[in-house]
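For the sequence shown, the positions run 583 to 634 when the numbering used here is used. The beta carbon of each residue, even a glycine, is placed where N, CA and C say it ideally should be. Heads up: the structure comes next, in structure tokens.
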Amino acid sequence: MPVPQEMNFIVEQASCLSLTMVQDVSFIRLTTAILDQYSGQFLSSQSTIRQD
Numbered sequence: 583m584p585v586p587q588e589m590n591f592i593v594e595q596a597s598c599l600s601l602t603m604v605q606d607v608s609f610i611r612l613t614t615a616i617l618d619q620y621s622g623q624f625l626s627s628q629s630t631i632r633q634d
């Protein structure tokens, strides 16, 4: 059985890992939203050019 100091270390490491995973997911969602917005603007400008 781990001693209290080891248990605190394990909990701290698990918390850091969990926070890192949440930050990664947030970054991926933000990046995807930006890319979706950019590609939508790019496609709109391309269709305007083709109509001319």
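Anticipated Cβ contact below 8 Å, residue i with residue j, distance rounded
i, j, result
"Pro586", "Ile592", "Contact doesn't hold; Cβ gap of about 11 Å is too wide."
Rounded separation between residue i and residue j - CA only
i, j, result
"Gln633", "Leu617", "Below a pLDDT of 50, predicted positions are generally treated as unreliable, and Gln633, at 49, falls in that range; the measurement from the model is reported next regardless. Looking at the two C-alpha atoms, the distance is approximately 24 Å."
"Ser621", "Ser608", "20 Å"
Any non-hydrogen atom of the ligand MN within 7 Å of residue i CB
i, result
"Gln587", "Because no ligand of any kind appears in the structure shown, any question about the ligand MN cannot be addressed here."
Cβ shell of residue i (< 8 Å), same chain only, five flanking positions each side left out
i, result
"Ile610", "none"
6 Å CB neighbourhood of residue i in its chain, flanking five on each side removed
i, result
"Gln605", "none"
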